[in-house]
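Counting with my numbering, you get residues 9 to 234 for the letters of the sequence shown.
This report refers to the structure that appears directly beneath it.
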Amino acid sequence: MIAMPITPAVLILLGPPGAGKGTQARMLEETFGLVQLSTGDLLRSAVAAGTEAGNKAKSVMEAGGLVSDDIVLAILKDRMTDPDTKRGVILDGFPRTAGQAEALDGLLASTGQRVNSVISMKVEDASMVARVAGRYTCASCGEGYHDEFKQPASAGVCDKCGGAEFKRRADDNAETAGARLAAYHAQTAPLITYYKGRGVLEQVDAMADIASVAGAMSASVKRVVA
Ligand code: AMP
9 MIAMPITPAV LILLGPPGAG KGTQARMLEE TFGLVQLSTG DLLRSAVAAG
59 TEAGNKAKSV MEAGGLVSDD IVLAILKDRM TDPDTKRGVI LDGFPRTAGQ
109 AEALDGLLAS TGQRVNSVIS MKVEDASMVA RVAGRYTCAS CGEGYHDEFK
159 QPASAGVCDK CGGAEFKRRA DDNAETAGAR LAAYHAQTAP LITYYKGRGV
209 LEQVDAMADI ASVAGAMSAS VKRVVA
């Protein structure tokens, strides 16, 4: 029996916390009909639901560390079999370690697939704390906002769904930011070289404004998604 592909197009957004991966993934999702898979979101849902994996991940996430590969892979694998991932996925926040990157390759190879494109979003470390400390999302639809860079057109009302409740992540604070950035440099940044070696890496200057970054990212994605 021939194994069915898990998903036809696999894009990865690579970058430190606050690079804008989530914001850009949501825009690409709309433009290209892909599905954003954020392991951070999946883990936060597991924590909120009080699952065994969520309970194990909670304290690690609060401290700004990386959750174990086993837990993250199990959660992601499960999500990648959902039918809405049929046209393709944008991985946001995954892989974050060499072990995760290799496991992803193995998972895709088992169905004759591979990573199609990796976009490395470059931002200066110095801007990271301000970027994460100012962000918040609509509690109803998840649209992202920022105190400084992206406020709703009408104060207190979500542009997307009209919701009036917003939330901030527990780990988006100056204390945890340092640990998250350190984890990025130690464990995730080496993946830039890993994917460069495979000829799938593109770099985008993510210090530019949201619209300019979106333009550069779209141009890059167009080259791999029909
Ligand atoms: P994010 O929403 O991507 O910023 O992730 C929030 C937190 O979830 C991170 O600081 C980690 O503790 C955890 N996390 C998310 N994705 C991963 C991953 N791929 N590997 C390990 N931990 C992760």
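From the three backbone atoms N, C-alpha and C, an ideal C-beta is built for every residue, glycine too.
Here the structure is a predicted model, which is why all the values come from computation and not from measurement.
| query | result |
| --- | --- |
| If you draw a straight line from the C-alpha of L91 to the C-alpha of T201, how long is it? | Here residue 91 turns out to be Pro, not Leu, going by the sequence shown. Whole-angstrom Cα-Cα distance: 32 Å. |
| Just reading off the beta strand (DSSP E) that D113 is part of, what are its end residues? | Counting along the chain, D113 falls outside any beta strand (DSSP E), though it belongs to the alpha helix (DSSP H) covering A106 to A117. |
| Leaving out five residues before and five after E132 in sequence, what residues of the same chain have Cβ atoms less than 8 Å from its Cβ? | M215 |
| Report whether the distance from the Cβ of S67 to the nearest heavy atom of the ligand AMP is below 7 Å. | no |
| Which ranges would you report for the alpha helix (DSSP H) in the stretch 14-53 if only whole runs of at least 4 residues count? | 29-40 |
| In this structure, does DSSP put T59 in helix, strand or coil? | coil |
| Specify whether the stretch 109-125 and the stretch 147-156 touch according to this definition: at least 3 beta carbon pairs, one from each stretch, less than 8 Å apart. | no |
| So, with DSSP's three-state summary, where would you put D213? | strand |
| Using a Cβ-Cβ cutoff of less than 6 Å, which residues in the same chain neighbour A185 once the five nearest sequence positions on both sides are dropped? | V137 and V140 |
| If you count every other CB in all the chains shown that lies within 10 Å of the CB of P198, and 16 or more means buried, which is it? | exposed |
| Pick from R122, D179 and D113: whose alpha carbon is nearest that of R52? | D179 |
| Identify the residues that DSSP records as bridge partners of Y153: which are they? | Y144 |
| I need the straight-line Cα distance from L50 to C149, nearest angstrom please. | 15 Å |
| From H193 to P24, what does the alpha carbon distance come to, in whole angstroms? | 8 Å |
| My guess is that A54 and G62 are in contact by the Cβ rule of under 8 Å, so how many angstroms apart are they, rounded? | 3 Å |
| Take D78 and list the residues in its own chain whose beta-carbon comes closer than 7 Å to its own, dropping the five residues that flank it on each side. | none |
| Going by C-alpha distance, which of V75, Q211 and G30 is nearest V126? | Q211 |
| Near G41, which residues of its chain fall below 6 Å by C-beta distance, leaving aside the five closest residues on each side in sequence? | R95 |
| Regarding Q44 and the ligand AMP, is the C-beta to nearest heavy atom distance less than 7 Å? | no |
| Return the Cβ separation of G30 and D113 in integer angstroms, given the expectation that the two are a contact with Cβ distance under 8 Å. | Contact doesn't hold; Cβ gap of about 24 Å is too wide. |
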